[in-house]
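Peer 1: Residue numbers (my numbering), protein chains in the order written: chain A, 700 to 911; chain B, 700 to 911. Glycine is no exception: its CB is placed at the ideal position from the N, C-alpha and C atoms.
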DNA sequence: GCTATATTTGAACACATGTTCAAATATAGC
DNA sequence: GCTATATTTGAACATGTGTTCAAATATAGC
């Protein structure tokens, strides 16, 4: 009936449903039956199009990581060598935050999936490092240009703290909403963006200026 | 045979095994059969002692959160009203980091479990807020004493970034090890502790001093 | 030593899981 | 319109899941 009128293809519908459910309950908390039911397709189709549940999960991640990393790499490459730390951090986190803010539900769910796998040892090397380390390496290279006297460890640990703040933001668990009595809303990514860059920039400066 | 010579009780053995496995694969990635096999006990015993798998999970969290939150609350209460932001942050994160560092495998695994649920929407209100918000509220209260002119939102968002850095540290995924070619090691919590306090303190100062 | 309670055992239950496959159907190339 | 390929269907498979329970055993109180 209206299945034919749906403009989105089967693989896309599966990816969208999987993304939404993985964001809510993580990889092991979601079954193929839940995904196919939400997508309105047969149970066998994810395996046909993506080989396995794991293949589907990887496809969910890669679909947007490719787009995202291009944007982030471009933003980094657009900077001059004398860019301030604010600009560096902005280039690193800005594209991701903007996508989550203006990209619709899909991008927001995607960020929530990434946040969960970022803190799970199971997906670290297989997904996180494989997908996101190239941009991280370029970011760190530029931080070291900006802070030439900084010790190597200080740069990496600063980056580690940045990653944590970023991940917690993407997770969108609603904890800060609850804690603040809705004074702050985790979905207000523009409010966060506004504060995240100066906060982290101050941290980088303190740690990487080499005053110690 | 040697079961009687084991000094640890059955509930404790179950908690320890569950903790270790949850740290590795999360709640849904672990079955009761994996837990009981590792603990060397019968399948029915977790349900007998903890009611259900969910009850076991909650017990894993609460066993150490009680100890931890007492220590953290004491550390906060030991501060004078004119304590610097470094001292506030130290009191908030210090006890947790020290336990993870010197408390043995159990505490390290515990921190990894907490890190995973901290970024999962599923456990936010049920566990994270319920267990850890009281200390958070006291911390925030004291930050506002230290920075009386700070806007409410700035304080909460600063706390949010702190939480992210803390969570990423506890996760111990090994990503920073990989990224830095083992220049940095996620298990070196003392190295992190040393840098985390100044990094975050600089962020709080930048955001909460009220200079706009 | 006996009794009442607490714990452990071992098996079974009903249901959910990812994956597979031949048959049916739709699609595209000529 | 026909043929070859791509996709979809619907059912089944073997295995894993949390939970339950009566029977067996251990433990503690007197």
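Is it right to say residue 796 (chain B) is buried, meaning 16 or more other beta carbons lie within 10 angstroms of its own, or is it exposed?
Peer 2: Within the second chain, numbered from 1, the residue matching residue 796 (chain B) stands at position 97. So residue 796 (chain B) counts as buried.
Peer 1: If we cut at 7 Å on Cβ distances, does residue 748 (chain A) have a partner in chain B?
Peer 2: Position 49 of the first chain, counting from 1, holds the residue named residue 748 (chain A). Taking Cβ atoms only, chain B never reaches closer than 7 Å to residue 748 (chain A), which makes this a no.
Peer 1: Within its chain, find whatever has a CB closer than 7 Å to the CB of residue 899 (chain A); leave out the 5 residues flanking it on each side and keep chain order.
Peer 2: As a working note, residue 899 (chain A) is residue 200 in the first chain. If we look at residue 899 (chain A) and ignore the five residues flanking it on each side, its Cβ neighbours are 788, 861 and 864.
Peer 1: For the alpha helix (DSSP H) holding residue 831 (chain A), just list the boundary residues, first then last.
Peer 2: Working through the first chain from its first residue, we reach residue 831 (chain A) at position 132. Element bounds for residue 831 (chain A): 829-845.
Peer 1: Out of curiosity, what's the CA-to-CA distance linking residue 858 (chain B) and residue 844 (chain B)?
Peer 2: By 1-based counting over the second chain, the position of residue 858 (chain B) is 159. By 1-based counting over the second chain, the position of residue 844 (chain B) is 145. Cα to Cα, residue 858 (chain B) sits roughly 14 Å from residue 844 (chain B).
Peer 1: Using the Cα positions of residue 904 (chain A) and residue 725 (chain B), report the straight-line distance between them to the nearest angstrom.
Peer 2: Taking the first residue of the first chain as position 1, residue 904 (chain A) is located at position 205. Taking the first residue of the second chain as position 1, residue 725 (chain B) is located at position 26. Distance between the alpha carbons of residue 904 (chain A) and residue 725 (chain B) is about 36 Å.
Peer 1: State yes or no: is the beta carbon of residue 828 (chain A) nearer than 7 Å to at least one beta carbon in chain B?
Peer 2: Taking the first chain and counting its residues from 1, the one referred to as residue 828 (chain A) is at position 129. Interface residue, yes.
Peer 1: Determine the extent of the alpha helix (DSSP H) in which residue 808 (chain A) is found, giving its start and end residues.
Peer 2: For this step, residue 808 (chain A) is matched to residue 109 along the first chain. That run of the alpha helix (DSSP H) goes 804-817.
Peer 1: Nearest CA to the CA of residue 799 (chain A): which residue from A:853, A:886 and A:901?
Peer 2: Stepping through the first chain from its first residue, residue 799 (chain A) is reached at position 100. Nearest option by C-alpha distance: A:886.
Peer 1: Could you tell me which uninterrupted alpha helix (DSSP H) segments, each at least 4 residues in length, are contained entirely in the segment 739-782 of chain B, listed from first to last along the chain?
Peer 2: Counting whole runs of 4 or more residues, the segment 739-782 of chain B contains the alpha helix (DSSP H) stretches 744-749 and 752-776.
Peer 1: Residues of chain B with CB closer than 8 Å to the CB of residue 818 (chain A), please, in chain order.
Peer 2: Numbered from 1 along the first chain, position 119 holds the residue referred to as residue 818 (chain A). By Cβ distance, chain B contributes 814, 815, 817, 818, 866, 867, 870 and 872.
Peer 1: Which residues, in order along the segment 706-720 of chain A, keep a beta-carbon less than 7 Å from a beta-carbon of chain B?
Peer 2: Hits within the stretch: zero.
Peer 1: Less than 7 Å between the beta carbons of residue 718 (chain A) and residue 809 (chain A), yes or no?
Peer 2: Here residue 718 (chain A) is taken as the residue at index 19 of the first chain, counted from 1. Here residue 809 (chain A) is taken as the residue at index 110 of the first chain, counted from 1. Yes, these two residues count as a Cβ contact at 7 Å.
Peer 1: Quick one: using the 10 Å Cβ neighbour count with 16 as the cut-off for buried, is residue 759 (chain A) buried or exposed?
Peer 2: Against the first chain, residue 759 (chain A) aligns to sequence position 60. By the 10 Å Cβ count, residue 759 (chain A) comes out buried.
Peer 1: Looking only at its chain, what residues have a beta carbon closer than 7 Å to the beta carbon of residue 822 (chain A), apart from the 5 residues adjacent to it on each side?
Peer 2: Counting from 1 along the first chain, the entry for residue 822 (chain A) is found at position 123. These residues qualify, in order along the chain: 816.
Peer 1: Given residue 708 (chain A), which residues of its chain have a CB within under 7 Å of its CB, disregarding the five upstream and five downstream residues?
Peer 2: Residue mapping note: residue 708 (chain A) aligns to position 9 of the first chain, counting from 1. For residue 708 (chain A), where only same-chain residues beyond five positions count, there are no Cβ hits under 7 Å.
Peer 1: Give me the Cα-Cα distance between residue 891 (chain B) and residue 727 (chain B), rounded to the nearest whole angstrom.
Peer 2: On the second chain, residue 891 (chain B) is found 192 positions in, with the first residue counted as 1. On the second chain, residue 727 (chain B) is found 28 positions in, with the first residue counted as 1. Straight-line Cα distance between these residues: approximately 30 Å.
Peer 1: To the nearest angstrom, how far is the alpha carbon of residue 743 (chain A) from that of residue 869 (chain B)?
Peer 2: Position 44 of the first chain, counted from the start, is the residue given in the question as residue 743 (chain A). Position 170 of the second chain, counted from the start, is the residue given in the question as residue 869 (chain B). Straight-line Cα distance between these residues: approximately 39 Å.
Peer 1: On the CB-based measure, 16 or more other CB atoms within 10 Å of its CB, does residue 777 (chain B) come out buried or exposed?
Peer 2: One-based indexing of the second chain puts residue 777 (chain B) at position 78. Flag for residue 777 (chain B) reads exposed.
Peer 1: Residue 830 (chain A): buried (16+ other C-beta within 10 angstroms of its C-beta) or exposed?
Peer 2: Counting from one through the first chain, the residue named residue 830 (chain A) turns up at place 131. Under this definition residue 830 (chain A) is a buried residue.
Peer 1: Just how far apart, CA to CA, sit residue 770 (chain B) and residue 713 (chain B)?
Peer 2: Here residue 770 (chain B) is taken as the residue at index 71 of the second chain, counted from 1. Here residue 713 (chain B) is taken as the residue at index 14 of the second chain, counted from 1. So the alpha carbons of these two residues sit roughly 25 Å apart.
Peer 1: Just the Cα atoms here: how many angstroms apart are residue 833 (chain B) and residue 748 (chain A)?
Peer 2: On the second chain, position 134 is the one that residue 833 (chain B) refers to. On the first chain, position 49 is the one that residue 748 (chain A) refers to. Spanning the two alpha carbons is a distance of roughly 48 Å.
Peer 1: Under the criterion of a Cβ to heavy atom distance below 6 Å, does residue 873 (chain A) qualify as lining the ligand FAD?
Peer 2: As for the ligand FAD, it is missing from this structure, which has no ligand bound.
Peer 1: Against chain A, with Cβ distances strictly below 7 Å, would residue 767 (chain B) count as a contact?
Peer 2: Counted from its first residue, the second chain places residue 767 (chain B) at position 68. For residue 767 (chain B), the answer is no, since every Cβ of chain A falls outside 7 Å of its Cβ.
Peer 1: Of the residues A:764, A:888, A:851 and A:731, which one's Cα is nearest the Cα of residue 751 (chain A)?
Peer 2: Here residue 751 (chain A) is taken as the residue at index 52 of the first chain, counted from 1. Closest option to residue 751 (chain A), Cα to Cα, is A:731.
Peer 1: According to DSSP, is residue 885 (chain B) helix, strand or coil?
Peer 2: As a position in the second chain, residue 885 (chain B) is number 186, starting the count at 1. Note: residue 885 (chain B) maps to coil in three-state DSSP.
Peer 1: Return yes when the Cβ of residue 874 (chain A) is within less than 7 Å of the Cβ of residue 906 (chain B), no when it is not.
Peer 2: Looking up residue 906 (chain B) in the second chain gives position 207. Looking up residue 874 (chain A) in the first chain gives position 175. For residue 906 (chain B) and residue 874 (chain A), no; Cβs fall outside 7 Å.
Peer 1: So for residue 871 (chain B), helix, strand or coil by DSSP?
Peer 2: Numbered from 1 along the second chain, position 172 holds the residue referred to as residue 871 (chain B). Looking at residue 871 (chain B) - three-state DSSP - the assignment turns out to be coil, as it is neither helix nor strand.
Peer 1: Taking the continuous alpha helix (DSSP H) assigned at residue 786 (chain B), which residues delimit it?
Peer 2: Working through the second chain from its first residue, we reach residue 786 (chain B) at position 87. 784-801 is the span of the alpha helix (DSSP H), which, as asked, contains residue 786 (chain B).
Peer 1: Taking a cut of 8 Å between CB atoms, which residues from the segment 775-808 of chain A lie near chain B?
Peer 2: Within the segment 775-808 of chain A, no residue qualifies.
Peer 1: Between A:878, A:754, A:738 and A:793, which lies nearest to residue 825 (chain A) when the distance is taken from Cα to Cα?
Peer 2: Residue 825 (chain A) sits at position 126 when you count from the first residue of the first chain. It is A:754.
Peer 1: At a CB distance below 7 Å, what residues from the segment 823-854 of chain A approach chain B? Give them in sequence order.
Peer 2: Taking 7 Å as the Cβ-Cβ cut-off against chain B, the residues of the segment 823-854 of chain A that qualify are 823, 824, 827, 828, 832, 835, 851, 852 and 853.
Peer 1: What three-state label does DSSP hand residue 904 (chain A) in the structure shown?
Peer 2: If you number the first chain from 1, residue 904 (chain A) lands on position 205. Three-state DSSP puts residue 904 (chain A) in a helix.
Peer 1: Could you compute how far the alpha carbon of residue 901 (chain A) sits from the alpha carbon of residue 781 (chain A)?
Peer 2: For the purposes of this step, residue 901 (chain A) is taken as the residue at position 202 of the first chain. For the purposes of this step, residue 781 (chain A) is taken as the residue at position 82 of the first chain. Whole-angstrom Cα-Cα distance: 17 Å.
Peer 1: Among B:827, B:848, B:842 and B:847, which has the Cα closest to the Cα of residue 768 (chain B)?
Peer 2: Position 69 of the second chain, counted from the first residue, corresponds to residue 768 (chain B). Among B:827, B:848, B:842 and B:847, the Cα nearest to that of residue 768 (chain B) belongs to B:827.
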